[in-house]
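In what follows, a single structure is set out as structure tokens and then discussed.
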Amino acid sequence: MNVQFRPEPSASVSVKTAIADCDIHPARATATELYPFLEKRWHDHLEAYGKQAYHGMMEGPPYPKAQPNASRRDAWPPEGGPQGSSLSFMQKQLLDPYNVALGVLNPLASGQGLRNQDLAGAICSAINDWQIEKWTSKDSRLKGSIVVANEDGLSAAAEIRRRAGDPNFVQVLLLSRTVEPLGQRRYWPIYEAAQEIGLPVGIHAFGFGGNPLTPSGWPSFYIEEMVGHSQCQQTVLASLVLEGVFERYPKLKMVMIEAGFGWAPSLGWRLDKSFERLHSEVPYLKRKPSEYIRDHIWWTTQPMEDPERRDHLFQVIEWIGWDKLLFATDYPHWDFDEPSRVLPAGVSDANREAFYLGNAKKLYGMS
Amino acid sequence: MARHVIALVEELPPGSRKFLTIDERPIAIFNIKGEFFGLLNRCPHQGAALCEGPLIGLAQSSDPGEIEYTRLGEIIRCPWHGWEFDIRTGQSYCDPKRFRARAYPVNVESGSAVVKGPYVAETLAVSVESDYVVVDL
């Protein structure tokens with residue numbers, strides 16, 4: 000056991016340029032923190048039967064994830080509770096020092112992917128109420144994501160419509176690991192409702208769908224999971240494009256969250272090449288697959304691609320478009336990106352502003 | 000460079016660490032099994048408070064399946080991204096060519112030596128009967 004003596008850190012006096020943080024994970028301080036937002040029936044149900052996920056008899060993380068709760072070791076709130084569970088500490092550690100003008104909350108482990116669809120819907124709805132009560136109503140910089148029971152498209156769509164026009168929310172949130180690839184029709188009611196109420200759909204890496212993360216089976220190591228999120232997200236994006244989701248919902252905007260973006264050009268090239276030859280299989284696609292990707296997809300940056308040569312990074316971004324990247328820290332998780340260390344030199348002021356703030360304000364309707 | 004008297008030896012028993020700011024620099028002093036080490040408390044990667052991380056060992060492998068775990072308690076692991084640095088030298092094990100944590104020499108000096116100077120005693124009243132932890136920076 001270490002004996003630690005630590006003086007209070009001195010407050011920074013420098014004023015930093017405002018940023019948007021498009022991936023913040025709020026946590027519950029206690030297991031029963033959601034109860035005020037759930038009917039009594041569900042309290043009793045949870046205590047008698049628990050939650051059955053498609054993953055089987057386990058909650059999300061099957062092993063310790065490099066740091067406690069996969070979070071920064073300096074992010075434990077002083078009043079107790081897990082990392083990310085205290086608004087005042089989040090303000091002190093993230094929102095104030097980094098001058099976050101817009102922070103998008105992405106609650107994980109929120110009830111998506113439970114086999115009991117009524118329970119999944121109740122928990123997701125409770126999480127949405129909880130985001131307003133605990134976070135967005137207390138700090139106007141924070142905006143919520145509508146979480147939904149994503150395996151039950153109809154109930155998910157109803158929850159989305161229930162939140163229509165509510166300024167506390169700026170997107171609908173799905174997770175990448177679902178029962179079937181996310182382009183399939185069981186999920187279309189979600190996209191229809193999101194388009195109808197005018198919110199983008201974010202797809203965050205992770206989830207409880209019961210399939211291995213990789214197409215070739217369960218990996219041995221956590222490092223494979225970290226890399227596997229990109230592979231998983233590629234199947235998600237290919238499915239969305241090839242099932243015709245963007246033909247069906249032409250105003251739909253989607254955000255790929257925490258799954259990298261360096262692979263985007265290569266996936267686009269491969270899809271386009273196959274499309275030239277196999278077009279007759281998916282004749283409802285009116286444009287090249289890469290065109291749907293470039294028009295409909297935004298990308299959060301964390302964990303930022305970090306090639307040896309910065310011109311390689313710039314070439315990838317040129318393919319994607321400087322107007323499609325959204326800076327994110329992933330606070331309080333351990334692979335946090337510190338804003339000043341992310342973008343190399345050699346970026347124009349206009350692109351830098353778009354990357355850190357402008358694109359997010361525009362996408363999320365805050366400008 | 001100045002020599003700073005930062006603690007009585009008894010205040011830093013083995014297994015403890017002390018955080019302090021000297022000349023506006025955040026410093027951490029460690030006592031590892033009776034040896035003292037000093038590091039700048041700022042990770043050269045993205046600036047986290049490096050010295051708040053756990054002290055672990057060094058996992059090395061010559062072949063898959065062969066793992067040696069040595070240097071127990073002498074490797075500091077960053078509380079953010081888990082980058083590992085040698086507490087003795089500040090060497091990075093992730094990217095030794097580009098990054099190095101700033102290490103400072105720390106020694107135990109007798110009170111009589113400290114009284115002679117030149118030392119900077121931060122907030123301590125120095126007594127010739129005691130031994131002190133002294134860091135050079």
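Those protein sequence lines, which keep their order, are chains A and B. 366 is the number that numbering that gives the first Met the number 0 gives the last residue of the first sequence; the numbers go up by one with no jumps. 136 is the number that numbering that gives the first Met the number 0 gives the last residue of the second sequence; the numbers go up by one with no jumps. Quick reminder that beta carbons are idealized off the backbone N, C-alpha and C, glycines included.
At least one CB of chain B closer than 7 Å to the CB of S11 (chain A): is that the case?
Note that S11 (chain A) scores 49 on pLDDT, short of 50, meaning its location in the model is unreliable; the coordinates nonetheless yield the value given after this. No, its Cβ sits nowhere closer than 7 Å to a Cβ of chain B.
List the whole-angstrom C-beta distance separating N105 (chain A) from R162 (chain A), where the pair is believed to meet the contact cut-off of C-beta under 8 Å.
Not confirmed; about 15 Å, so no contact.
For W75 (chain A) and P214 (chain A), I'd like the C-alpha separation in whole angstroms.
So the alpha carbons of these two residues sit roughly 36 Å apart.
Does DSSP put R162 (chain A) in a helix, in a strand, or in coil?
coil
Residues of its chain near E10 (chain B), where Cβ-Cβ distance is below 7 Å and the 5 sequence neighbours each way are ignored:
Here the set comprises nothing.
Buried or exposed (CB count within 10 angstroms, at least 16 for buried), L356 (chain A):
buried
Taking beta-carbon pairs under 9 Å, can you tell me which members of the region 328-358 of chain A lie near chain B?
W333, D334, F335, D336, E337, S339, R340, V341
Residues of the region 46-74 of chain B with Cβ closer than 9 Å to any Cβ of chain A, in chain order:
Taking 9 Å as the Cβ-Cβ cut-off, the region 46-74 of chain B approaches chain A at G46, A47, A48, E51, G52, P53, L54, given in chain order.
Interface residues of chain A facing R81 (chain B) [CB-CB closer than 8 Å]
The sequence shown places Gly at residue 81 (chain B), rather than the Arg named in the question. The contacting residues are A65, Q66, W333.
Would R27 (chain A) pass as an interface residue toward chain C - the criterion being a Cβ-Cβ separation below 7 Å?
Absent from the structure is chain C; the protein chains it does hold are A and B.
Please name the residue, chosen from A:K287, A:R269, A:G259, A:G49, that lies closest to W297 (chain A) on a Cα-to-Cα basis.
Residue A:G259 holds the alpha-carbon nearest to the alpha-carbon of W297 (chain A) among A:K287, A:R269, A:G259, A:G49.
What do you get for K137 (chain A), buried or exposed, if any count of 16 or more other CB atoms within 10 angstroms of its CB means buried?
exposed
Starting from the C-beta of F84 (chain B), find all residues in its chain whose C-beta is less than 6 Å away, skip the five residues before and the five after it, and write them out in chain order.
I75, S91, A100
Classify A237 (chain A) as helix, strand or coil using the three-state DSSP reduction.
helix
Check the Cβ of R71 (chain A) against every Cβ in chain B and list those closer than 8 Å, keeping chain order.
Among the residues of chain B, those whose CB is under 8 Å from the CB of R71 (chain A) are A47, P78, W79, following chain order.
Compare the C-alpha of I319 (chain A) against each of A:M365, A:W262, A:R308 and name the closest.
A:W262
Per DSSP, N106 (chain B) forms a beta bridge with which residues?
B:V133
Own chain, CB closer than 6 Å to A1 (chain B), minus 5 neighbours either side, in chain order:
Cβ contact annotation for A1 (chain B) (same chain, cutoff 6 Å, sequence separation greater than five): V119, in chain order.
6 Å CB neighbourhood of A124 (chain B) in its chain, flanking five on each side removed
none
Quick check: Y103 (chain B) and G37 (chain B), are their CB atoms within less than 7 Å of each other?
yes
Identify which residue in A:A26, A:W129, A:W134, A:L324 has its Cα closest to the Cα of A69 (chain A).
It is A:A26 whose Cα lies nearest to the Cα of A69 (chain A).
Counting C-beta neighbours from all protein chains within 10 Å, is the total for Q92 (chain A) 16 or more, i.e. buried, or is it exposed?
Q92 (chain A) should be labelled buried.
Assuming contact is defined by CB atoms lying nearer than 7 Å, are I131 (chain A) and N167 (chain A) in contact in what I supplied?
With respect to N167 (chain A), I131 (chain A) sits close: the two C-beta atoms are nearer than 7 Å.
Going by beta carbon distance, what residues of the same chain come within less than 7 Å of W82 (chain B), once the five residues before and after it are set aside?
C42, H44, S91, C93
So P12 (chain B) packs on N30 (chain B), CB below 8 Å; how close in whole Å?
With a beta-carbon spacing of about 6 Å, P12 (chain B) and N30 (chain B) fall inside the 8 Å limit used to define contacts.
So P188 (chain A) is in the alpha helix (DSSP H); what residue range does that whole segment cover?
187-196 is the span of the alpha helix (DSSP H), which, as asked, contains P188 (chain A).
Looking only at C-alpha atoms, which of A:R351, A:N210, A:L362, A:E317 sits nearest to G55 (chain A)?
A:N210
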